[in-house]
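These notes concern the structure reproduced below.
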Amino acid sequence: MRSGATLLGGLGLWLGAALAWAQTVAEVGILNYHYHPHELRVKAGTTVRWVNQEKRTSHSILFLGKDGFESERIFPGERWERRFDAPGRYEYSCGPHPEMKGVVIVE
Ligand SMILES: [Cu+2]
Numbered sequence: 162m163r164s165g166a167t168l169l170g171g172l173g174l175w176l177g178a179a180l181a182w183a184q185t186v187a188e189v190g191i192l193n194y195h196y197h198p199h200e201l202r203v204k205a206g207t208t209v210r211w212v213n214q215e216k217r218t219s220h221s222i223l224f225l226g227k228d229g230f231e232s233e234r235i236f237p238g239e240r241w242e243r244r245f246d247a248p249g250r251y252e253y254s255c256g257p258h259p260e261m262k263g264v265v266i267v268e
């Protein structure tokens, strides 16, 4: 029985590692008051990570529309993530800099 439990435990670890491996992350850089790329196309289930590459300016990710919400402020060197499970078009802007625009298209 003991070896059976060990085998199951090992299988669980392996599955966990395989799932972590399968999880996709896409990155959007923020530099010079722009999102790079400003249009990102991903598959459902992808985590998008915004990385602030500025020297001194903080930004946010402000999702527009009725389900909109704003991320916390992202300071230089910091990152913020959101996972997208539902297909759709997610337009966003920056709270303090409304002229900054981006969109995540989830397929
Ligand atoms: Cu900004």
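Just so we're aligned, residue 162 is where the sequence shown starts under our numbering, counting upward by one. For each residue, glycine too, the CB sits at the ideal point set by N, CA and C. Remember, it's a predicted structure, so these values are computed and weren't measured experimentally.
Beta carbon of residue i nearer than 7 Å to that of residue j
i      : j      : result
Gly256 : Glu231 : yes
Gly263 : His220 : no
Leu223 : Tyr196 : no
Own chain, CB closer than 6 Å to residue i, minus 5 neighbours either side, in chain order
i      : result
Arg210 : Val186, Glu188, Arg240 and Glu242
Presumed contact (8 Å Cβ cut-off) between residue i and residue j, rounded CB distance
i      : j      : result
Val203 : Val267 : 6 Å
Thr208 : Arg244 : 4 Å
Sequence-distant residues of its chain with Cβ nearer than 7 Å to residue i (five each side left out)
i      : result
Arg111 : Nothing about residue 111 can be read from this structure; the chain reaches only from 162 to 268.
His258 : Tyr194 and His220
Any non-hydrogen atom of ligand 3 within 6 Å of residue i CB
i      : result
His258 : The ligand content of the structure shown is limited to ligand 1, which means ligand 3 is not among them.
**Segments assigned beta strand (DSSP E), at least 3 residues, entirely inside the region 213-242** = Those beta strand (DSSP E) runs which fall completely within the region 213-242 and span 3+ residues do not exist here.
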